[in-house]
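K.L.:
I'd like to ask some things about the structure below.
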DNA sequence: CAAAGAAGTGAAACGTGATTCACTTCTTTT
DNA sequence: AAAAGAAGTGAATCACGTTTCACTTCTTTG
């Protein structure tokens, strides 16, 4: 008589869970973490609020996972760009473009992921991911330094600083309202900035 | 019989108001905006919660003024550094050091001022101040470009990016816990980074 | 000093959103 | 098909901080 869900049932449950995360991410996309409430997520995913608690122990837990999902996705894309063949300057340029381009569509998301503060728990997670970001850029910088095409520098700091620079221009003067600036102009400027900042060319 | 407060009484009131702001700023310093509540500020200033509403129409209003107070202070210091005599590279270096040094003691404050999101109203204010920051650095960059010591570039973007870079390393890998890094090492690295990023030597 | 009005008080009302839990529905097992 | 347990529900409760307001205290004026 003892009931154990079959693989199939478990899969369905997992799907609900995943759906909650996806809908949550969508919400962040649209209005940042501040628009994520248990009921807003539940409504989007078309389940009751109580159901959310069958999958996540607390709102913090839910937000943390949403954050991870979103960040992992972006980091992955940048890693991909950096894993290609090519010289340091080119790869750096490509990675910058990928990061910027993706962040611009989905600016709200980028902002939420990089800066928006929610609660202590999520802030901790974000701190961890700052390192992930830095580590994403570190290898290419290190390679550049080793090859002698980049000047000697603390690559960890340079990497973090580069990410910060990109993040800032995304949420700063270039807010959706302020359009005295073409998107491409911005990206080009940042490509130059990033290259110069680490001493490429 | 109609009572009108004398200058003296008004001064005392103004003092209460100022005290609320100062105590609020202290709280931000210690625990970010999230630790600012009407009652925490009131308690610190040793007045009742209701009193706060005699001076500020709402929590948002209070936070906005605290934010302005804190930011104005920092911007002022950097402006001062940039107003000295000297060549572009030197002034830039000095300004970077001032910014970084001040932000490091008072990291929580720096973070709160630059990134911590609180409510829509304050976010608006922060957006305004991002421009202020950018404008603070713009003139020196423009001068550098004019003098030909810096390469042609979009100085507004460069300025914003520089600020972002500094902000990031302040809240990132260099969190209070992570001390594998000397403060001076960090500052030096950022001075180099900033100079390179705008193409100074 | 008495009246008028400003400044200050703080307990209570409110608002918002997280969390709980008794209950229903769906799946599996015998 | 009945029992056992998992998944899902959503109204009710709770937590926590903001805001209000009737009231007290302080200051000024005639």
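Chains as they are written, first to last, in our numbering: chain A, 1 to 201; chain B, 202 to 402. We put the CB at the ideal spot given by N, CA and C, even for glycine. None of the values given here were measured: they were computed from a predicted structure.
#1: When the Cβ atoms of the region 222 to 239 of chain B are set against those of the region 277 to 287 of chain B, are three or more pairs found closer than 8 Å?
#2: With distances taken Cα to Cα, identify the nearest neighbour of residue 61(A) among 94(A), 20(A), 72(A).
#3: Let me know the secondary structure DSSP gives residue 366(B) once reduced to three states.
#4: According to DSSP, is residue 391(B) helix, strand or coil?
#5: Counting only the same chain and skipping the five closest in sequence on each side, list residues whose C-beta sits under 8 Å from that of residue 398(B).
#6: I need the straight-line Cα distance from residue 385(B) to residue 251(B), nearest angstrom please.
#7: Excluding five sequence neighbours on each side, which residues of the same chain lie with their C-beta closer than 7 Å to the C-beta of residue 333(B)?
#8: Just to confirm before moving on: does the CB-CB distance between residue 150(A) and residue 103(A) stay below 9 Å?
#9: Taking residue 293(B) as the reference, give the member of 214(B), 342(B), 223(B) with the closest Cα.
#10: State yes or no: is the C-beta of residue 267(B) within less than 9 Å of the C-beta of residue 234(B)?
#11: Do residue 45(A) and residue 23(A) have their C-beta atoms within less than 9 Å of each other?
#12: Using the Cα positions of residue 48(A) and residue 117(A), report the straight-line distance between them to the nearest angstrom.
#13: Pull up the distance between the alpha-carbon of residue 340(B) and that of residue 357(B), whole angstroms please.
#14: Closer than 7 Å, Cβ to Cβ, to anything on chain B: give me those residues from the region 90 to 121 of chain A, in chain order.
#15: Identify the continuous alpha helix (DSSP H) that holds residue 99(A) and give its terminal residues.
#16: If the cut-off is 7 Å on Cβ atoms, which residues from the region 260 to 282 of chain B count as contacting chain A, listed in chain order?
#17: If you follow the alpha helix (DSSP H) that residue 241(B) is in, where does it begin and where does it stop?
#18: Rank 106(A), 200(A), 182(A), 107(A) by C-alpha distance to the C-alpha of residue 147(A) and give the top, closest one.
#19: Does DSSP put residue 206(B) in a helix, in a strand, or in coil?
#20: Distance cutoff 9 Å, beta carbons only. Does residue 359(B) sit that close to anything in chain A?
#21: Which residue marks the beginning of the alpha helix (DSSP H) containing residue 150(A), and which one marks its end?
#22: So if I threshold CB-CB distances at 9 Å, which residues from the region 212 to 226 of chain B count as touching chain A?
#23: Which residues mark the beginning and the end of the alpha helix (DSSP H) in which residue 268(B) is found?
#24: Could you pull out every residue in the same chain whose Cβ sits closer than 6 Å to the Cβ of residue 282(B), ignoring the five residues on either side in sequence?
#25: Does the beta-carbon distance from residue 310(B) to residue 265(B) come in below 9 Å?
#26: Looking at the unbroken alpha helix (DSSP H) that takes in residue 319(B), where does it start and where does it end?
#27: Helix, strand or coil for residue 412(B)? Go by DSSP, reduced to three states.
#28: Which chain B residues are close to residue 164(A), counting only those with a beta carbon under 8 Å from its beta carbon?
#29: Specify the secondary structure class of residue 144(A) as computed by DSSP and reduced to three states.
#30: Can you pull the chain B residues whose beta carbon is under 8 Å from the beta carbon of residue 153(A), in chain order?
#31: Suppose you measure from the CA of residue 168(A) to the CA of residue 5(A); what does that come to, to the nearest Å?
#32: Within 9 Å of any Cβ in chain B, is that where the Cβ of residue 43(A) sits?
#33: If the cut-off is 9 Å on Cβ atoms, which residues from the region 333 to 346 of chain B count as contacting chain A, listed in chain order?
P.N.:
In brief:
#1: no
#2: 20(A)
#3: helix
#4: helix
#5: 359, 362, 363, 366
#6: 45 Å
#7: 276
#8: no
#9: 342(B)
#10: yes
#11: yes
#12: 27 Å
#13: 9 Å
#14: 115, 116, 117
#15: 88 to 104
#16: none
#17: 239 to 246
#18: 200(A)
#19: coil
#20: yes
#21: Residue 150(A) -> no alpha helix (DSSP H), and no H or E assigned at all.
#22: none
#23: 260 to 283
#24: 295, 296, 299
#25: no
#26: Premise fails: residue 319(B) is in no alpha helix (DSSP H) and is neither H nor E.
#27: Chain B is shown from 202 up to 402; residue 412(B) falls before or after that span and cannot be answered.
#28: 365, 366, 367, 368, 369, 370, 373
#29: helix
#30: 390, 393, 394
#31: 48 Å
#32: no
#33: 334, 335
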